[in-house]
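Undergrad: Quick note: the sequence shown uses my numbering, first residue 114, plus one each step. Ideal Cβ positions, reconstructed from N, Cα and C, are used throughout, including at glycine.
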Amino acid sequence: MVCKHCGSQGIPVDRITVIVHTKEEHWHEVGDDMYFCPSPECDVVYFNDEVCLLKEHVKSRVTLKEREHPIPLCYCKGVTLKDVENAVRNGANTLEDVRRATGLATGRECRIANPMGRCCLTAYPSLVKEVLNRHKEAQNL
Ligand SMILES: [Zn+2]
Numbered sequence: 114m115v116c117k118h119c120g121s122q123g124i125p126v127d128r129i130t131v132i133v134h135t136k137e138e139h140w141h142e143v144g145d146d147m148y149f150c151p152s153p154e155c156d157v158v159y160f161n162d163e164v165c166l167l168k169e170h171v172k173s174r175v176t177l178k179e180r181e182h183p184i185p186l187c188y189c190k191g192v193t194l195k196d197v198e199n200a201v202r203n204g205a206n207t208l209e210d211v212r213r214a215t216g217l218a219t220g221r222e223c224r225i226a227n228p229m230g231r232c233c234l235t236a237y238p239s240l241v242k243e244v245l246n247r248h249k250e251a252q253n254l
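Right, dumping it as structure tokens:
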């Protein structure tokens with residue numbers, strides 16, 4: 114299903130995931146067929162045919178929709194983009210190094226803890242790779 118606001122292809126999420134991250138006063142709008150809108154520019158977080166839940170209706174900070182720190186990456190282990198940047202600055206060169214240093218993507222609560230209902234590294238692997246690449250480029254200057 115496609116987001117009515119931005120036209121992005123929605124990612125199916127479980128009802129329980131939507132409930133956990135949505136403000137209580139909007140729980141009655143949450144259906145069994147909810148989707149997550151992955152577009153960073155779009156204010157819609159969850160939607161189905163009838164309902165659009167916007168950022169303001171959601172109580173969690175959503176990785177792909179935040180522009181200011183703290184930007185959460187791994188919800189299970191509470192790892193932010195800043196934590197990853199610090200790990201890289203302190204010598205982490207690979208994804209595996211970052212995982213070891215921060216605990217990123219080592220949790221098991223993704224289905225509930227992450228507003229997208231999936232593991233951070235599956236959901237947005239490029240965010241961590243960008244940090245690694247930026248650091249490598251800076252070193253080669
Ligand atoms: Zn959208």
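Between the alpha carbons of glycine 191 and serine 173, how many angstroms are there, rounded?
TA: Distance between the alpha carbons of glycine 191 and serine 173: 12 angstroms.
Undergrad: Between the Cα of glutamine 122 and the Cα atoms of Gly144, His248, Val158, which residue gives the shortest distance?
TA: Among Gly144, His248, Val158, the Cα nearest to that of glutamine 122 is on Val158.
Undergrad: Would you check whether ligand 1 has a heavy atom nearer than 6 angstroms to the C-beta of cysteine 189?
TA: No, Cβ of cysteine 189 sits at least 6 angstroms from all heavy atoms of ligand 1.
Undergrad: Using the three-state DSSP reduction, which class does threonine 215 fall into: helix, strand or coil?
TA: Of the three classes helix, strand and coil, the one that applies to threonine 215 here is helix, per DSSP.
Undergrad: Would a C-beta distance cut-off of 7 angstroms place glycine 144 and cysteine 189 closer than the cut-off?
TA: Taking 7 angstroms as the Cβ cut-off, glycine 144 and cysteine 189 do not qualify as a contacting pair.
Undergrad: Regarding histidine 182 and ligand 1, is the C-beta to nearest heavy atom distance less than 6 angstroms?
TA: No, the beta carbon of histidine 182 sits no closer than 6 angstroms to any heavy atom of ligand 1.
Undergrad: Any contact between the segment 173-185 and the segment 198-208? By contact I mean 3 or more CB pairs, one from each, below 8 angstroms.
TA: At 8 angstroms Cβ cutoff, the stretches do not touch.
Undergrad: Closer than 6 angstroms: is that where the CB of cysteine 155 sits relative to any heavy atom of ligand 1?
TA: Yes, the beta carbon of cysteine 155 sits closer than 6 angstroms to at least one heavy atom of ligand 1.
Undergrad: Taking the alpha helix (DSSP H) that cysteine 233 belongs to, which residues open and close that run?
TA: First-last of the alpha helix (DSSP H) with cysteine 233: 233-236.
Undergrad: Let me make sure I understand the geometry here. Which of Leu167, His141, Asn246 has the alpha-carbon closest to that of serine 152?
TA: Minimum Cα distance to serine 152 is reached at Leu167.
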